[in-house]
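Here the sequence shown stands for residues 1 to 401, where the numbers follow UniProt numbering. Just so it is clear, CB atoms sit at the ideal spot from N, CA and C, and this is done for glycine as well. Structure record follows, encoded as structure tokens.
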Amino acid sequence: MPRLSEPAAAAAADTIPPSWHEGFEGQHELLADFSCIDTACGKRIVPNSEPFPLDNECFSGHVMLMIRTPDVDDPKKSPLPSDSPEMAKSISKYMKGRLRRFEFQFRVKLKKVPTGPLFLGCDVEETIKIGRLTKGLTSVLLAMIRRINSGFHYSWGADKGAKKNPVSAEDYEAGNFERTHLSFPLEASMDRIVITKPGEELPKLGGELMETPESIKRRRRMGAGVIDWNTEDTYTMCLWSAYMDWIKWKSMNVAGVRPFSMGIVTGTQPIYLSVYEVKGISNEDYKRTQPPHFESSKNVFTRLEFAHLHKTVGGYAQKLMDAREVALETDTEFDSESELFDRGILSERSSTHSSIGSVDGTVDGEEEDKAANGDDEPAVIEPEKTSVDEPETPSVDEPET
């Protein structure tokens with residue numbers, strides 16, 4: 001898969017239009033390298049800012065992206081700007097003393113009640129091809145995930161051009177295939193779920209969400225079906241992790257594994273996070289049969305695209321960048337990402353193989369382990385040796401995952 005060499009990455013920076021940083025004024029200078037786009041409307045979500053509205057046929061609500069910025073660990077070397085908004089300062093303070101690299105908070109009110117099991121999924125558009133070394137590393141991570149997440153499901157994906165068991169064109173068109181993905185029962189995988197009855201005060205997004213230890217244990221033990229989903233209550237949920245740094249586009253803090261670029265697993269593809277329902281099956285029948293998660297059997301509630309200015313190619317972020325470059329060249333002005341989406345500019349995934357900065361990459365097999373990681377050596381598995389990229393102090397009252 002293509003990757004950017006250091007000269008190419010430097011050249012890419014010169015092609016980035018100023019509009020890429022719109023909305024990031026006062027934020028840490030590296031935060032704008034990360035892109036999150038709501039694929040339903042084509043709008044880019046600014047992390048460490050105000051909650052972003054979500055509204056579709058399934059639910060209405062907000063999402064808040066809280067990203068650990070470098071100032072949390074080294075405020076002298078990489079401080080926040082003096083004109084940082086209060087929310088950015090508050091989130092930076094919130095992250096201190098915690099291991100997590102990010103926390104995503106959602107507040108939703110359902111418009112219809114799901115009848116099948118709900119999942120939190122992470123996927124990519126194209127089937128990934130990885131070498132033996134990377135597959136061994138990935139297997140360690142998958143085994144660790146399976147141990148701590150009941151109901152964990154994954155697939156290496158389907159490939160129309162595969163030599164063994166290829167997906168037919170008819171099945172692919174009908175959605176009778178699985179993308180390369182990881183997914184977890186929503187009720188068990190969220191770190192906190194707070195249910196607010198009508199008339200009760202809603203928890204504030206951007207701070208700590210409080211759930212009783214008994215409730216957390218019950219959710220993780222029972223999994224799908226433990227929550228009484230309805231259209232009256234408001235559900236405030238959060239997901240956090242110490243293992244993924246979106247600004248660096250690296251997996252970190254995994255015991256026995258050096259920090260490594262996500263590019264050695266996903267190549268230059270964006271990553272997608274979605275909440276979806278498996279249709280046509282009850283929670284009980286799902287637990288008994290464990291069916292595949294075909295695209296045709298999924299009812300997607302929301303899907304967010306995560307991309308990186310210097311690490312990923314294609315997707316909505318590429319389209320947005322390309323459209324804005326065209327606008328600059330033609331003196332055309334667009335009011336927002338949603339206008340680009342409405343005009344059809346963001347309606348389809350880009351198939352280009354240039355970077356977001358319009359710089360060609362090169363293909364280099366397993367050697368990508370070294371170059372994508374940005375280290376002198378590729379990521380490898382080492383016995384009982386924990387790597388932490390930056391000094392951090394774990395919270396004394398809160399287990400981190």
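Does residue i come out as helix, strand or coil in the three-state DSSP assignment?
{"i": "P213", "result": "helix"}
{"i": "L120", "result": "strand"}
{"i": "M262", "result": "coil"}
{"i": "M321", "result": "helix"}
{"i": "R134", "result": "The sequence given here has Thr at residue 134, not Arg. Helix."}
{"i": "T127", "result": "coil"}
{"i": "D285", "result": "helix"}
{"i": "R147", "result": "helix"}
{"i": "I227", "result": "coil"}
{"i": "H28", "result": "coil"}
{"i": "R218", "result": "helix"}
{"i": "D71", "result": "helix"}
{"i": "S78", "result": "coil"}
{"i": "E173", "result": "helix"}
{"i": "E86", "result": "helix"}
{"i": "S189", "result": "helix"}
{"i": "L141", "result": "helix"}
{"i": "H21", "result": "helix"}
{"i": "G315", "result": "helix"}
Across which residues does DSSP place residue i in a beta bridge pair?
{"i": "C36", "result": "I45 and F306"}
{"i": "E277", "result": "L118 and N299"}
{"i": "K109", "result": "S60"}
{"i": "S155", "result": "H181"}
{"i": "F104", "result": "L65 and L239"}
{"i": "D55", "result": "S60"}
{"i": "M244", "result": "S251"}
{"i": "T234", "result": "T196"}
{"i": "I91", "result": "Partner(s): none; I91 has no beta bridge."}
{"i": "Y272", "result": "D123 and E305"}
With a threshold of 7 Å on Cβ separation, who are the neighbours of residue i within its own chain once the five nearest residues in sequence on each side are excluded?
{"i": "P81", "result": "G26"}
{"i": "K197", "result": "D233"}
{"i": "H21", "result": "A32"}
{"i": "K96", "result": "V72"}
{"i": "V265", "result": "I128, I130, T134 and T138"}
{"i": "I195", "result": "D233 and Y235"}
Does the distance from the CB of residue i to the CB of residue j come in under 8 Å?
{"i": "T302", "j": "S274", "result": "yes"}
{"i": "Y154", "j": "L142", "result": "yes"}
{"i": "V226", "j": "T180", "result": "no"}
{"i": "K279", "j": "G121", "result": "no"}
{"i": "S183", "j": "F102", "result": "no"}
{"i": "G206", "j": "M321", "result": "no"}
{"i": "P270", "j": "F294", "result": "no"}
{"i": "I247", "j": "T69", "result": "yes"}
{"i": "L239", "j": "F52", "result": "no"}
{"i": "E178", "j": "G157", "result": "yes"}
{"i": "residue 403", "j": "R192", "result": "In this structure the chain extends from 1 to 401, so residue 403 is not present and cannot be described."}
{"i": "Y276", "j": "N253", "result": "no"}
{"i": "P292", "j": "I281", "result": "no"}
{"i": "V140", "j": "V46", "result": "no"}
{"i": "S241", "j": "W249", "result": "no"}
In chain order, what residues of the same chain lie with their CB nearer than 8 Å to the CB of residue i, ignoring the 5 residues before and after it?
{"i": "T231", "result": "K109, L110, K111, K112 and V113"}
{"i": "residue 467", "result": "Given that the chain is displayed from residue 1 to residue 401, the structure contains no residue 467 and the question cannot be resolved."}
{"i": "D71", "result": "H28, S78, P79, L80 and S92"}
{"i": "M87", "result": "N48, S49, E50 and G206"}
Leaving out five residues before and five after residue i in sequence, what residues of the same chain have Cβ atoms less than 6 Å from its Cβ?
{"i": "I91", "result": "N48 and M66"}
{"i": "P85", "result": "G26"}
{"i": "S60", "result": "K109"}
{"i": "D376", "result": "Unreliable placement is indicated for D376, whose pLDDT of 35 sits below 50; no coordinate value is reported for it."}
{"i": "N176", "result": "F294 and S296"}
{"i": "T386", "result": "Because the pLDDT of T386 is 37, which lies under 50, any placement of that residue in the model is unreliable, and the number read from its coordinates should be weighed accordingly. These residues qualify, in order along the chain: A255."}
{"i": "F83", "result": "The sequence given here places Asp at residue 83; Phe does not occur at that position. So the qualifying residues of the chain are G26."}
Problem set entry | Stretch pair the region 31-38 + the region 314-323: three plus CB contacts closer than 8 Å | yes
Exercise. Is the number of C-beta pairs between the region 205-225 and the region 181-194 that are closer than 8 Å three or more?
Worked result: yes
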